[in-house]
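What follows is a set of notes on a single structure, which appears directly below.
Residue numbers (our numbering): 99 to 449.
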């Protein structure tokens, strides 16, 4: 017995809609993108010719046929649009970062609970192949007791990009919300909430008005966690650096899924998310009395898992892989990082 797909409304069809949400929803047979908000263009028509182009979010939230509303708009709009969709009885997926403030995030969590609706946050880089591999290195103690973890998400853009909210001063702008939300989420998956955070944020590019560089130190017992991003890294070093009592793991490069999606490739194609051997990480460690030094094959990345899990959560009540409660912890850490930078001191995290 076949089941009709759940109808989805997309809040926007910019980069995140075209590159991430659109292709991943299309790849899942349980969803059908039915409505897309496009006020001045129809860029989505080539990808979703049967979807209805609408001019307002109201036309999605008031449509009783829509089951899932996807809020993939600039950060400052997340709270109001999620609230509107939840109040209308929709399940909601919201782009990272969850909200601009922890207070907004908690209000949405409470509303979703009252309405008995799912609220998931699109932290897709949990399913980067390199991070999945790092998870296994940590879980299986391939380095012995881990003592240091460092993660980078760097770019080279030595100019201020025009006509984008991400480069303009405002709620939720800046590199810490943009790229930092990925690295913070990954650290929380691996290690949970830290005891404290020490942060430095800078505006490094001439003419810049937002923070475009950050250095976070997350304090754990017997573990140093460093997270860094900058727009002025022309020659990147390792993306991940892990040191333990028995060895080291180094991983360069960026998961290939985003570039593949930008090129119009389907996540259903064979070999999706796999890296060539030249991109595999370097492992140098002692395992059960044997010294190993060489390449460690990267696990395939799998962004499809996110919407597969959302579907199962709606239909079968499976727990969400990225709950709003987890995403709220990322926002709490971002707020603590800004506080640390402003005060020039380490800030304790209230658990």
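All C-beta atoms in this analysis are idealised placements derived from N, C-alpha and C, irrespective of residue type, glycine included.
Since we're looking at a predicted model, the values are computed, not measured.
**Message:** Under 8 Å: do the region 279-288 and the region 213-226 share three or more Cβ pairs, one atom per stretch?
**Reply:** Yes, the region 279-288 touches the region 213-226.
**Item:** Closest residue to residue 340 among 185, 204 and 244 (Cα-Cα distance)
**Value:** Along the chain shown, read from residue 1 onward, the residue named residue 340 stands at position 242. Checked all of 185, 204 and 244; the closest Cα to residue 340 is 244.
**Asked** Is it the case that the Cβ atoms of residue 314 and residue 287 are separated by a distance below 8 Å?
**Response** Here residue 314 is taken as the residue at index 216 of the chain shown, counted from 1. Here residue 287 is taken as the residue at index 189 of the chain shown, counted from 1. No, these two residues do not count as a Cβ contact at 8 Å.
**Item:** Limits of the beta strand (DSSP E) - the one that residue 325 falls within
**Value:** Sequence index remark: in the chain shown, residue 325 carries index 227 (1-based). Where residue 325 is concerned, the enclosing beta strand (DSSP E) stretches over 321-328.
**Message:** On a Cα-Cα basis, can you pick out the residue from 382, 427, 389 and 138 that is closest to residue 198?
**Reply:** The residue given as residue 198 occupies position 100 in the chain shown. It is 427.
**Prompt:** Quick one: Cα of residue 99 to Cα of residue 168, how far?
**Reply:** Residue numbering aside, residue 99 sits at position 1 when the chain shown is read from its first letter. Residue numbering aside, residue 168 sits at position 70 when the chain shown is read from its first letter. Interpretation of residue 99 is limited by its pLDDT of 38, a score under 50 that renders its predicted location unreliable; no figure is taken from the coordinates.
**Prompt:** Hey, quick one: how far does the beta strand (DSSP E) through residue 451 stretch, first residue to last?
**Reply:** The structure shown has nothing for residue 451, since the chain only spans 99 to 449.
**Asked** CB-CB under 7 Å to residue 136, same chain, minus the five flanking residues each way: which ones, in chain order?
**Response** Stepping through the chain shown from its first residue, residue 136 is reached at position 38. Annotation for residue 136: 111, 142 and 151 place their beta carbon closer than 7 Å to its own, counting only its chain and skipping 5 residues before and after.
**Asked** Which term fits residue 368, buried or exposed, when burial requires 16 or more other beta carbons within 10 angstroms of its beta carbon?
**Response** Residue 368 sits at position 270 when you count from the first residue of the chain shown. Counting Cβ neighbours within 10 Å, residue 368 comes out exposed, since fewer than 16 surround it.
**Item:** Contact between the region 269-276 and the region 348-367 (3+ Cβ pairs under 8 Å)
**Value:** No: the two stretches stay apart, fewer than three of their Cβ pairs being nearer than 8 Å.
**Item:** Contact set for residue 102: own chain, Cβ-Cβ below 6 Å, skip 5 residues either direction
**Value:** Working through the chain shown from its first residue, we reach residue 102 at position 4. Correct list: empty, nothing qualifies.
**Item:** Range of the contiguous alpha helix (DSSP H) that encloses residue 164
**Value:** Stepping through the chain shown from its first residue, residue 164 is reached at position 66. Where residue 164 is concerned, there is no enclosing alpha helix (DSSP H), although the beta strand (DSSP E) it sits in stretches over 164-169.
**Asked** Are the beta-carbon atoms belonging to residue 184 and residue 210 less than 8 Å from one another?
**Response** Here residue 184 refers to the residue found at position 86 when the chain shown is read from its first residue. Here residue 210 refers to the residue found at position 112 when the chain shown is read from its first residue. Going by C-beta atoms, residue 184 is nearer than 8 Å to residue 210.
**Message:** Let me make sure I understand the geometry here. Which of 140, 346 and 105 has the alpha-carbon closest to that of residue 127?
**Reply:** Locating residue 127 in the chain shown gives position 29, where the first residue counts as 1. For the residues 140, 346 and 105, the minimum Cα distance to residue 127 belongs to 105.
**Prompt:** Under three-state DSSP, which class holds residue 203?
**Reply:** Within the chain shown, the letter at position 105 stands for residue 203. DSSP places residue 203 within a helical segment (H, G or I) once states are collapsed to three.
**Message:** So, does the region 339-358 touch the region 232-248, judging by three or more C-beta pairs under 8 Å?
**Reply:** Three or more Cβ pairs drawn from the region 339-358 and the region 232-248 lie within less than 8 Å of each other, which places the two stretches in contact.
**Item:** C-alpha distance - residue 349 paired with residue 377, whole-angstrom precision
**Value:** As a working note, residue 349 is residue 251 in the chain shown. As a working note, residue 377 is residue 279 in the chain shown. Their Cα atoms are separated by approximately 8 Å.
**Prompt:** CB residue 457 to CB residue 274, shorter than 8 Å?
**Reply:** Summary: the structure shown does not reach residue 457, with the chain confined to residues 99 through 449, and so no result is reported for it.
**Prompt:** Could you give the distance in angstroms between the alpha-carbon of residue 397 and the alpha-carbon of residue 347?
**Reply:** If you number the chain shown from 1, residue 397 lands on position 299. If you number the chain shown from 1, residue 347 lands on position 249. Straight through space, the alpha carbons of residue 347 and residue 397 are spaced by roughly 15 Å.
**Asked** From which residue to which residue does the alpha helix (DSSP H) around residue 229 run?
**Response** Your numbering for residue 229 matches position 131 in the chain shown. Counting along the chain, residue 229 sits inside the alpha helix (DSSP H) bounded by residues 227-237.
**Nearest to residue 129 (by Cα), restricted to the options 352, 189 and 113** = Counted from its first residue, the chain shown places residue 129 at position 31. For residue 129, the nearest C-alpha among the options comes from 189.
**Prompt:** Taking C-alpha atoms, which residue in 325, 260 and 180 lies nearest to residue 284?
**Reply:** Taking the first residue of the chain shown as position 1, residue 284 is located at position 186. Per the Cα distances, 325.
**Asked** Relative to the alpha-carbon of residue 317, which residue among 124, 410, 297 and 401 has its alpha-carbon at the smallest distance?
**Response** Start at 1 with the first residue of the chain shown, and residue 317 comes out as number 219. That would be 297, whose Cα lies nearest to the Cα of residue 317.
**Item:** Reference residue 352; option with closest CA among 123, 170, 399 and 200
**Value:** Counted from its first residue, the chain shown places residue 352 at position 254. Nearest to residue 352 by C-alpha distance, out of 123, 170, 399 and 200, is 399.
**Request:** Return yes when the Cβ of residue 246 is within less than 8 Å of the Cβ of residue 308, no when it is not.
**Result:** As a position in the chain shown, residue 308 is number 210, starting the count at 1. As a position in the chain shown, residue 246 is number 148, starting the count at 1. For the pair residue 308 and residue 246, the CB atoms are not nearer than the 8 Å cut-off.
**Request:** Report yes if the C-beta distance between residue 385 and residue 240 is below 8 Å; otherwise report no.
**Result:** Taking the chain shown and counting its residues from 1, one reaches residue 385 at position 287. Taking the chain shown and counting its residues from 1, one reaches residue 240 at position 142. Yes, they are a contact pair.
**Distance CB(residue 429)-CB(residue 292) smaller than 8 Å** = Residue 429 sits at position 331 when you count from the first residue of the chain shown. Residue 292 sits at position 194 when you count from the first residue of the chain shown. No, they are not a contact pair.
**Status (buried if at least 16 other CB within 10 Å, exposed otherwise) for residue 118** = Here the question's residue 118 lines up with position 20 in the chain shown. It is buried - the Cβ of residue 118 has at least 16 other Cβ atoms within 10 Å.
**Request:** Could you give the DSSP three-state label for residue 356: helix, strand or coil?
**Result:** Taking the chain shown and counting its residues from 1, the one referred to as residue 356 is at position 258. Residue 356: helix per DSSP, three-state reduction.
**Item:** Per-residue DSSP class, three states only, for residue 151
**Value:** Within the chain shown, the letter at position 53 stands for residue 151. Strand at residue 151.
**Asked** For residue 191, which residues does DSSP report across the bridge?
**Response** Here residue 191 refers to the residue found at position 93 when the chain shown is read from its first residue. Residue 191 is bridged to 168 and 218.
**Asked** If you scan the region 370-420 from start to end, which runs of the alpha helix (DSSP H) of 4 or more residues do you find wholly inside it?
**Response** For the region 370-420, the full-length alpha helix (DSSP H) segments reaching 4 residues or more read 402-414 along the chain.
**Request:** In the DSSP assignment, find the alpha helix (DSSP H) that holds residue 437 and state where it starts and stops.
**Result:** Walking along the chain shown from the start, residue 437 turns up at place 339. Here the alpha helix (DSSP H) through residue 437 covers 422-441.
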